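Residue numbers (this note's numbering): 476 to 759.
Where is the CB? At the ideal position from N, CA and C, for every residue including glycine.
Just so you know, these numbers come straight off a predicted model, no measurement behind them.
So the structure is just underneath, and the comments pick up after that.
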Ligand SMILES: [Zn+2]
Ligand SMILES: [Zn+2]
């Protein structure tokens, strides 16, 4: 197998040409944000592990939430300026340009309000806020979360950190969002496969119980049908109780592709056709 990630992604896109524009968008987002954003300083890992003992994610705790909101709002104008001239789909380029104008002429406090609503996942209030300032909802939400993702230090996205902390919830220990993807993976040859969940907001991974619906907790295997639309890598775990699904990567080594929500958007179309609901996506 070729280890060069670009060649890997290229071969994936050759097999799924309809994803090419989306892949380009995410690559641009990632490279611009990596360049423009310095992660926020969080407490030490051990302190973070202690902070979530009561089940409250880090970014839902007032002090840390305020710190991240402040940094995100403060750097938004520069971050948006960094997208100027980048190769982006026309609709996204226009959304970012409009947002950039808005950020340039808006009080810091109001920008902070946007990030507070985003982090608190107060979706109705957030939608009303974005409508009021006449910005395109989906793009703003997507890039807003991509910025939060870039602000969270990589060491806190590691599943081992949250395993040690004893985190067993079905929401992200860092930001509190529901997971958007899952992975079944053997940690050691001696053990069976375990399930990991991935946050669609901040990219954190955490360990979760292997059997049962991630969203409602239904454990009746008769009511947990699995769809296998493409031979191999990603399957769709569905639930007859709450009619939701989660895409589950059953391989390993190509997490850079298969744990990215966008890489299997065609599977979401299939699930939607079956009347199943998606959770944890930053677009919804
Ligand atoms: Zn998260
Ligand atoms: Zn369920």
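Where residue i falls, given that 16 or more other Cβ within 10 Å makes a residue buried
| i | result |
| --- | --- |
| residue 604 | buried |
| residue 493 | exposed |
| residue 689 | buried |
| residue 513 | exposed |
| residue 696 | exposed |
| residue 713 | buried |
| residue 477 | In this prediction, residue 477 scores a pLDDT of 46, lower than 50, which makes its location untrustworthy; no coordinate-derived value is stated. |
Residue i CB to nearest heavy atom of ligand 2 below 7 Å
| i | result |
| --- | --- |
| residue 719 | yes |
| residue 716 | yes |
| residue 523 | no |
| residue 646 | no |
| residue 690 | yes |
| residue 666 | no |
Cβ-heavy atom distance, residue i to ligand 1, below 7 Å
| i | result |
| --- | --- |
| residue 527 | no |
| residue 677 | yes |
| residue 655 | no |
Unbroken beta strand (DSSP E) run spanning residue i, endpoints
| i | result |
| --- | --- |
| residue 721 | 719-724 |
| residue 713 | 709-713 |
| residue 654 | 654-660 |
| residue 642 | Looking at the DSSP string, residue 642 is not in any beta strand (DSSP E), and its letter there is neither H nor E. |
| residue 674 | 669-674 |
| residue 563 | First-last for residue 563: undefined, no H or E at that position. |
| residue 754 | Where residue 754 is concerned, there is no enclosing beta strand (DSSP E), given that its DSSP letter is neither H nor E. |
| residue 683 | 680-683 |
Bridge partner(s) assigned by DSSP for residue i
| i | result |
| --- | --- |
| residue 620 | None, per the DSSP bridge assignment. |
| residue 701 | 712 |
Residue i, enclosing alpha helix (DSSP H) - first and last residue
| i | result |
| --- | --- |
| residue 741 | 740-748 |
| residue 610 | That residue, residue 610, is in no alpha helix (DSSP H); it is neither H nor E in DSSP. |
| residue 493 | No alpha helix (DSSP H) contains residue 493, which DSSP labels as neither H nor E. |
| residue 520 | 520-526 |
| residue 595 | 583-595 |
| residue 731 | 730-733 |
Subject >> Given 8 Å, three or more beta-carbon pairs between the stretch 674-691 and the stretch 713-722 >> reply: yes
Original post:
With a cut-off of 8 Å, do at least 3 Cβ pairs link the stretch 653-661 to the stretch 726-740?
Top reply: yes
**OP:** Check whether the stretch 738-747 touches the stretch 505-524, counting contact only when three or more Cβ pairs, one atom from each stretch, lie closer than 8 Å.
**Re:** no
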